[in-house]
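Counting in this note's numbering, the sequence shown runs from 35 upward without gaps.
Idealized CB from N, CA, C, for every residue including glycine.
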Amino acid sequence: MAHEQGAAAGGWDEARPTARLLLADGTVIEGDGLGAVGASAGELCFNTAMTGYQEILTDPSYAGQIITFTFPHVGNVGVNEDDVETVNTAASSGVRGVVLAADVTSPSSWRATRDLDHWLKARNIVAIAGVDTRALTALVREKGMPNAVIAHAPDGRFDDAAIKATLDAFKGLEGQDLVPLVGASQRYGWDESGWTWPGGAQPGAYGARPEGAPKRVVAIDYGLKRNILRMLTAAGCEVTVVPATATAEEILALDPDGVFLSNGPGDPAATGEYAVPVIRAVLEKKVPTFGICLGHQMLALAVGASTAKMRQGHHGANHPVKDLSTGKVEITSMNHGFAVDRDTLPASARETHVSLFDGTNCGIELTDRPAFSVQHHPEASPGPQDSHYLFHRFVELMDDRRR
35 MAHEQGAAAG GWDEARPTAR LLLADGTVIE GDGLGAVGAS AGELCFNTAM TGYQEILTDP
95 SYAGQIITFT FPHVGNVGVN EDDVETVNTA ASSGVRGVVL AADVTSPSSW RATRDLDHWL
155 KARNIVAIAG VDTRALTALV REKGMPNAVI AHAPDGRFDD AAIKATLDAF KGLEGQDLVP
215 LVGASQRYGW DESGWTWPGG AQPGAYGARP EGAPKRVVAI DYGLKRNILR MLTAAGCEVT
275 VVPATATAEE ILALDPDGVF LSNGPGDPAA TGEYAVPVIR AVLEKKVPTF GICLGHQMLA
335 LAVGASTAKM RQGHHGANHP VKDLSTGKVE ITSMNHGFAV DRDTLPASAR ETHVSLFDGT
395 NCGIELTDRP AFSVQHHPEA SPGPQDSHYL FHRFVELMDD RRR
């Protein structure tokens with residue numbers, strides 16, 4: 035990391051910190067800069083996952099956020115193209131910054147094609163290392179997720195007024211529709227399935243595809259992750275992805291067996307202004323519907339429920355969720371800062387999953403329509419495959435409709 039050091043009268047200058055993190059309450063944290071040069075504002079959250087930092091940094095659900103990793107050793111296995119979660123591997127996920135405890139070492143993995151520092155630069159993501167992330171996590175836990183600005187200046191010289199102005203200009207995530215920043219702008223098809231080694235993603239790697247004609251699924255892209263598409267394809271679906279702005283008429287004209295509502299960033303109430311009428315029209319036709327993360331919140335809004343901002347949010351790969359239908363506890367991956375308010379669910383929406391950390395809602399199913407959704411990410415593998423059954427449940431709904 036860059037420090038400025040040189041001889042001066044009477045001795046040596048102290049090394050200048052090359053990065054700063056300024057919180058909304060005025061707290062200033064200094065450290066070593068890496069990644070892009072400049073300043074970027076966002077909502078500061080923490081993620082407790084011990085692995086998967088590249089998947090986290092390319093998850094579009096994190097748009098508008100600065101991520102603090104609680105695990106100290108991030109970047110030690112480098113990066114590669116296979117682990118990118120944005121559908122366009124060169125596209126930005128919208129992550130505003132990264133906070134690390136330890137300096138990033140040279141990559142130690144046969145899969146690495148680049149080190150984390152250069153990868154962050156290429157994606158215009160500002161980062162700071164050398165931070166007491168345990169103390170920072172405790173602060174977020176106690177006070178909630180603050181607005182913050184992260185700045186990197188290789189010469190250690192900062193324009194404090196400009197940094198403060200950047201922070202003041204960021205108004206937070208409440209009321210913000212961030213889907214246009216990360217979602218698809220046009221329709222496309224998808225046929226990539228699972229994983230094989232060492233060649234990366236190949237058809238059928240999650241097991242043999244089911245026999246018979248594939249199910250036609252239209253996936254509405256609010257900030258879609260690649261592994262969700264892989265899981266749908268591996269489950270026997272022929273997937274067409276449409277932008278979040280697609281109309282109900284455009285979606286239904288594709289004659290789908292099912293409609294998938296994707297994950298994504300921002301305030302669900304803001305996105306719901308244009309997404310909810312489309313989902314309601316799909317539900318009226320009784321098309322089987324499955325939602326994940328933001329898609330879960332969209333389905334809840336479509337049936338009349340409401341969402342609320344969380345204090346710390348849920349970000350990590352060790353979150354226990356209970357399936358109320360079976361009593362099974364799943365270890366899940368999560369990333370959300372808003373939650374469905376269970377007290378506003380209508381009688382036609384049954385709660386199916388709850389967080390065992392704080393009891394918040396993590397899933398619903400409709401009793402009068404073939405539709406369900408979950409707040410966590412079943413396409414991830416922290417359990418490692420505790421929640422993969424949900425994709426097969428979606429296929430079963432489509433099979434029932436065909437009968």
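How many angstroms separate the CA atom of residue i from the CA atom of residue j?
i, j, result
"GLY257", "ALA336", "19 Å"
"GLN419", "GLU77", "30 Å"
"ILE398", "VAL133", "34 Å"
"VAL108", "ALA136", "8 Å"
"PRO299", "VAL138", "27 Å"
"GLY217", "TYR308", "14 Å"
"ALA405", "LEU317", "8 Å"
"HIS370", "THR123", "22 Å"
"THR394", "THR171", "20 Å"
"GLU430", "LEU424", "10 Å"
"LEU91", "ALA282", "32 Å"
"THR267", "VAL121", "14 Å"
"LEU201", "SER227", "41 Å"
"ARG157", "ARG436", "44 Å"
"ASP434", "HIS410", "25 Å"
"ALA373", "ASN352", "18 Å"
"SER127", "THR323", "25 Å"
"ALA269", "VAL275", "16 Å"
"ASP255", "ARG50", "44 Å"
"ALA203", "LEU57", "13 Å"
"GLU89", "ARG175", "23 Å"
"ALA239", "SER95", "Caution applies to ALA239, whose pLDDT of 44 falls short of 50 and renders its modelled position unreliable; the value that the coordinates give is listed next. Taking the straight line joining both Cα atoms gives about 26 Å."
Where does residue i sit, in a helix, a strand or coil, going by DSSP?
i, result
"ASP357", "strand"
"LYS177", "helix"
"ASP202", "helix"
"LYS249", "strand"
"GLY76", "strand"
"SER142", "coil"
"PHE428", "helix"
"TYR256", "coil"
"ARG130", "coil"
"ILE159", "coil"
"ASN395", "strand"
"MET265", "helix"
"ALA172", "helix"
"ARG12", "Lying before the first or after the last residue shown, residue 12 is absent from the chain, which here runs from 35 to 437."
"ARG50", "coil"
"MET368", "strand"
"LEU212", "coil"
"PRO188", "coil"
"ALA303", "helix"
"VAL165", "coil"
"HIS152", "helix"
"LEU335", "helix"
Assign residue i to one of two classes, buried (16 or more other C-beta atoms within 10 Å of its C-beta) or exposed (fewer than that).
i, result
"HIS152", "exposed"
"THR52", "buried"
"ASP66", "buried"
"GLY223", "exposed"
"LYS205", "exposed"
"ARG54", "buried"
"ALA253", "buried"
"THR305", "buried"
"ALA383", "buried"
"HIS426", "exposed"
"ALA97", "buried"
"PRO141", "buried"
"VAL363", "exposed"
"ALA247", "exposed"
Starting from the Cα of residue i, find the closest Cα among the options and give me that residue.
i, options, result
"ILE159", "LEU150, THR167 and ALA339", "LEU150"
"ARG130", "SER74, ASN114, CYS396 and GLY86", "SER74"
"ALA187", "ALA161, LEU212 and LYS198", "ALA161"
"ALA334", "ALA303, HIS348 and ALA195", "ALA303"
"CYS396", "ASP166, MET368 and ALA58", "MET368"
"VAL165", "ILE101, LYS177 and GLU226", "ILE101"
"LEU125", "THR61, ARG260 and ALA49", "Residue identity check: residue 125 is Ala in the sequence provided, not Leu. For ALA125, the nearest C-alpha among the options comes from ARG260."
"GLU48", "GLY190, THR274 and VAL111", "GLY190"
"ASP59", "ASN81, ARG314, MET179 and ASP116", "MET179"
"ALA278", "ASP289, PRO214 and ASP225", "PRO214"
"ALA339", "GLU272, LYS198, PRO94 and ASP375", "ASP375"
"ALA460", "GLU176, ILE63 and THR147", "As displayed, the chain neither begins before 35 nor continues past 437, which places residue 460 out of reach and without an answer."
"PHE386", "GLN331, PRO354, LEU358 and ALA247", "A small correction: the amino acid at residue 386 is Thr; Phe does not occupy that position in the sequence shown. Here the closest residue by C-alpha is LEU358."
Return the Cβ separation of residue i and residue j in integer angstroms, given the expectation that the two are a contact with Cβ distance under 8 Å.
i, j, result
"ASP155", "GLY69", "Reading the sequence as shown, one finds Lys at residue 155 and not Asp. Indeed they touch by this definition, with Cβ atoms about 6 Å apart."
"GLY329", "SER407", "6 Å"
"GLY292", "PHE105", "About 37 Å separates the two Cβ atoms, so there is no contact after all."
"SER296", "ILE262", "7 Å"
"LYS249", "LEU286", "The Cβ separation is near 16 Å, so there is no contact."
"LEU390", "LYS356", "6 Å"
"ARG148", "VAL113", "5 Å"
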